[in-house]
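For the sequence shown, my numbering gives the first residue as 475, with consecutive numbering after it. Reviewing the structure listed below.
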Amino acid sequence: MVVDEAALVGTRLRFSTEQLQQARVETRAPGILTIPTLALVVQVFPADNALPTLTTSLRTAHEEPLFAELEAAARTQLGDPDWHICGARADPVRYKPGSRCLIRYTLKLEKVSGERVARQELSIFGKVYSDPEKARAIQAAMQQLYAQQMQEGSQPIFPRPLRTVETLGLTLNQAVESNQGAHSKGCRPGLQVLRPHSTRAVEGGTLDVVIPGEELCATAIALARLHTSAVRLEGPLRTGAK
């Protein structure tokens, strides 16, 4: 649900009886309901009026245009054009309505060599943006940062950029897995991995607070490299509030 700031009173919505009586409901697209007089929009994920390519970016069937892009990205990462996708799944990881969505693509791959068939599973991260030009600019910067990282021979911090699907405003990048693995029970998604968490002690009922030192250190190194890099990003600097 997206509402106008003026309609908010704390955590509540404020509408007059007259406004509600005169409210006119519009359905401009499947999954999107709009009430213009109340500045209210209700959207059923993945429908997003300001992020129109999100739905297409989640469709991984063979006949969908995204399929060939995912296959090309997988071949780039593996350095082998003989791999083919035999199954693909898209899982949303983080979503900011009207702006962007991070998607994890899990690909099942096959490669035929004579009578032998090799199989493996590969994860790729995609990020779809409301502005395709922003996706292009960000991916271009990532490519420069990755190239500089490889040239210096330093420990890899930035994931490898694989592909940009300009028609969707979608970037595809290598998935950097944790030592625990992508689907382990203890794996925490997104920014949660940087936050202290509690674990119950083996003996007794006390809780141990775990500080994610390794993750925080890796993040600090990545930020330091970014700010000392010769790569210059296009446009104004982005702050955390934006």
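Each residue gets a CB set at the ideal place from its N, CA and C atoms; glycine is no exception. Treat the numbers as computed from the prediction; the structure is a model and nothing was measured.
Check: Contact set for ALA521: own chain, Cβ-Cβ below 7 Å, skip 5 residues either direction; Outcome: ALA503, PRO504, GLY505, ILE506, THR529
Check: Inside the region 543-618 only - alpha helix (DSSP H) runs reaching at least 4 residues; Outcome: none
Check: Buried versus exposed call for VAL563 [16 or more other C-beta atoms within 10 Å across all chains shown]; Outcome: Per the sequence shown, residue 563 should be read as Arg rather than Val. Exposed, by the Cβ-count rule.
Check: Cβ pair THR568, LEU581 closer than 8 Å; Outcome: Residue 568 is actually Arg in this sequence, not Thr. Not in contact: ARG568 and LEU581 (Cβ atoms no closer than 8 Å).
Check: Assumed close pair ALA548, TRP557 - CB separation to whole angstroms, cut-off 8 Å; Outcome: 6 Å
Check: Beta-carbon proximity list for ARG486, same chain, < 6 Å, skipping 5 on both sides; Outcome: none
Check: Three-way DSSP call (helix, strand, coil) for HIS536 in this model; Outcome: coil
Check: GLY572 beta carbon less than 8 Å from that of ALA524; Outcome: yes
Check: Given LEU596 as reference, the closest of THR702, ARG610, LEU697, VAL650 once Cα atoms are compared; Outcome: VAL650
Check: Residue range of the alpha helix (DSSP H) that includes GLU688; Outcome: 687-702
Check: Spatial distance of MET616 from VAL476 (CA atoms); Outcome: 31 Å
Check: Meets three-Cβ-pair contact criterion under 8 Å: the region 688-703 and the region 628-644; Outcome: yes
Check: Beta-carbon gap between LEU644 and LEU636 smaller than 8 Å; Outcome: no
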